[in-house]
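In the working numbering, the protein residues as written are 117 to 608. Note that beta-carbon positions come from the ideal geometry of N, C-alpha and C, so glycine has one too. First the structure, in the form of structure tokens, and then the observations on it.
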Amino acid sequence: MYVSIASRTGGRKYLSIVHGYRDENGKVRKKTIRSLGYLDELEKEYEDPIAHFKSVAKEMDTQRKQETSGYDLCINQQEKLSVGTDNMKNFGYAALSKIYHELELDSFLKNRQRHTEDAFDANAVLQALTYLKIVAPAADSTFFIDRELFFEKNSGTEDEFYQGLMFLYHLKHPLHSWINEHITKTGMREDTMVYYSIHNYCSPSHVIRIGVFTDRALMPVTYDLFPCTSNYTSTYRPNFPEIKKRFHMKRMITVSNKAVNNGDNIWKILNTPTQDGYIFNIPAHSADRELKQYILKDDGYEWVGEDYKRKSRTYSRLIDITQEDGRIISKVIKEKQVIFYSEKYAKRAKDSLLDGYHILLTSECEESDDSIIEMYRGLWKAEKAFHLTKQQLEARPSCISVHDFIEIHLLSCFTAMVLMRILQRKAKDRYSIAQLKYSLTRANCIHIQENLYLFSYYDEVLQTLTEVTGVPFSQKILPLGEIKQLLANTKK
């Protein structure tokens, strides 16, 4: 607060105590808190009115800033909203910003853009893309516009923003290496075993395959994108030796659906220098007669609750292998067969007695049934995290090709997945990714008056995130200046 001296008719000076603030658009505004009167009249009462009321204004401002002080709100019932008004901002991304800057991704991007003459801010672009993936996943087609959801000032034109996207696309591999190094430094990387899961994406014009690498704690390591061809055997495995070397990987477990469950792939996996392993799912209806009989026998099942059961056995299986000269030979391998049944899935399709049953074939004979099932479930968790829809492809900016858009989409998905998994680990895995996303998405505030924002949601998850990130989510009302300071603190 300060003393305002305004000139009035006849040259007289009028004093008032004014509160200066910035509105939701960052523009300087002021509000009269107390009208004091004309200077010549005040001089009859005070020896130095200006000095006196400057002291008063300072005391009033100190009192206003105290935690126990409140805010005087004056709501005009006649005030109307204009078309296009959107007073809501998300604050949940502050927790994501904390992790983003702990990984020093801002330094990584600024260093690589330092010697360019480009006008875009690659760091701002990646943050906007990544945070929107988490707190506003439906914003993919309008991510340039939807940056307004955050408090950071949007700089640059739409063209510059899309130039920033292409800049990020070419940094995929070094960015992954940077993230891996920083996760390793924190002690969160559990690389005694790496899982490699495979997913297909189909659109009217593109059919692609993505291989996602995660460590034993389901922390993302990297991903590789390659086109689908008729020869699945030769294309499902990317350049494993190079990837293993780059990320210092040890033993690897390939997790996939039935398409890669053939003798050649299995033999290649088992005979790598690190003796890698696999977990493959096959549909129950495609199992051989003996396995179907084993599935339908009640013997050996352990029930968990009333609608879920599982059992397993170690079994010797004959596989066919193609030699370099084209000859087919047979080899015997020992693998574990894990069978689990869920009433929930059985109700979805009632075509046969085998509905609801799942079969997992694995080289990991010493792992528990639950551990193998959980590893397999990580396949669809990763697939969901990297999900790409036809609508997203159709809504992509015309200046970006389908292939480049897919690459950019996957890069932002990967970064978002890393941030969320680190948050989850910091919270001691008490909450699922879905629970974390729900709370961060609902941690919103709305501009109510002057530079004041009202927060409307707080739960146990946000309470925990406050403990692990230092971001205070329990405040009910905060001025814009304090919000920006809190966000600045996440970047230190």
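Given this structure, state the Cα-to-Cα distance separating residue i from residue j, to the nearest angstrom.
i	j	result
K205	L602	14 angstroms
L581	Q565	28 angstroms
I516	Q243	19 angstroms
E418	N378	30 angstroms
Q579	Y162	51 angstroms
I522	Y285	10 angstroms
N455	I538	Residue 455 is actually Ile in this sequence, not Asn. Rounded to the nearest angstrom, the two C-alpha atoms are 32 angstroms apart.
G472	F356	35 angstroms
V134	L152	11 angstroms
D237	T606	19 angstroms
K384	K425	33 angstroms
Q540	R305	14 angstroms
S123	L158	15 angstroms
L281	L287	10 angstroms
L197	Y547	38 angstroms
Y492	I398	12 angstroms
I326	Y339	7 angstroms
Y311	G136	56 angstroms
L476	F396	6 angstroms
R558	G208	7 angstroms
Go ahead and label residue i buried or exposed: buried means 16 or more other beta carbons lie within 10 angstroms of its beta carbon, across all protein chains shown.
i	result
K143	exposed
H364	exposed
E451	buried
A210	buried
I488	buried
T184	Only weak support is given to the placement of T184: the predicted model assigns it a pLDDT of 48, under 50, and the question is left unresolved by the model.
I191	exposed
P336	buried
A604	exposed
N347	The predicted model places N347 with a pLDDT of 49, which falls under 50 and marks its position as unreliable; any figure quoted below should be read in that light. Exposed: under 16 other Cβ atoms inside 10 Å.
H525	buried
I324	buried
T430	exposed
D331	buried
L596	buried
G393	buried
P389	exposed
H315	buried
DSSP has residue i in a bridge; who is on the other side?
i	result
V534	According to DSSP, V534 bridges with nothing at all.
P588	BP columns for P588 are empty, so no partner.
V448	L434
T338	F329
G136	K146
I562	M204, L570
S458	Y424
When DSSP labels each residue in this structure, what does residue i get in the three-state scheme?
i	result
H286	coil
M491	helix
Q693	The displayed coordinates of the chain run from 117 to 608. Any statement about residue 693 would go beyond what the structure contains.
I593	strand
K226	helix
A122	strand
V310	strand
S479	coil
C190	coil
S257	The pLDDT assigned to S257 is 48, lower than 50, so where the model puts this residue is not dependable; a value taken from the coordinates is nonetheless given after this. Helix, per DSSP.
H105	Here the chain has residues from 117 to 608 only, and residue 105 is not among them.
V577	helix
N206	strand
R546	coil
S484	coil
S517	coil
E418	strand
N270	coil
R426	strand
H298	helix
S171	helix
H104	With the chain covering 117 to 608 only, the question about residue 104 has no answer from this structure.
S528	helix
What are the boundary residues of the alpha helix (DSSP H) that residue i is part of?
i	result
K147	Unbroken run through K147 is the beta strand (DSSP E), 144-154; no alpha helix (DSSP H).
K249	238-251
F396	Per DSSP, F396 belongs to no alpha helix (DSSP H); it is in the beta strand (DSSP E), 393-399.
N381	379-386
R128	From DSSP, R128 is part of no alpha helix (DSSP H); its letter is neither H nor E.
Y162	It is not in any alpha helix (DSSP H) - Y162 carries neither H nor E in the DSSP assignment.
F356	356-362
L412	405-412
Provide the residue span of the beta strand (DSSP E) that contains residue i, from first to last.
i	result
Q439	Neither: Q439 is in no beta strand (DSSP E) and is coded neither H nor E.
Y209	Premise fails: Y209 lies in the alpha helix (DSSP H), 209-218, not in any beta strand (DSSP E).
Y569	568-571
I369	367-372
Got a sec: does the ligand PLP put a non-hydrogen atom nearer than 7 angstroms to the Cβ of residue i?
i	result
S293	What this structure holds is no ligand at all, so the ligand PLP is not there to describe.
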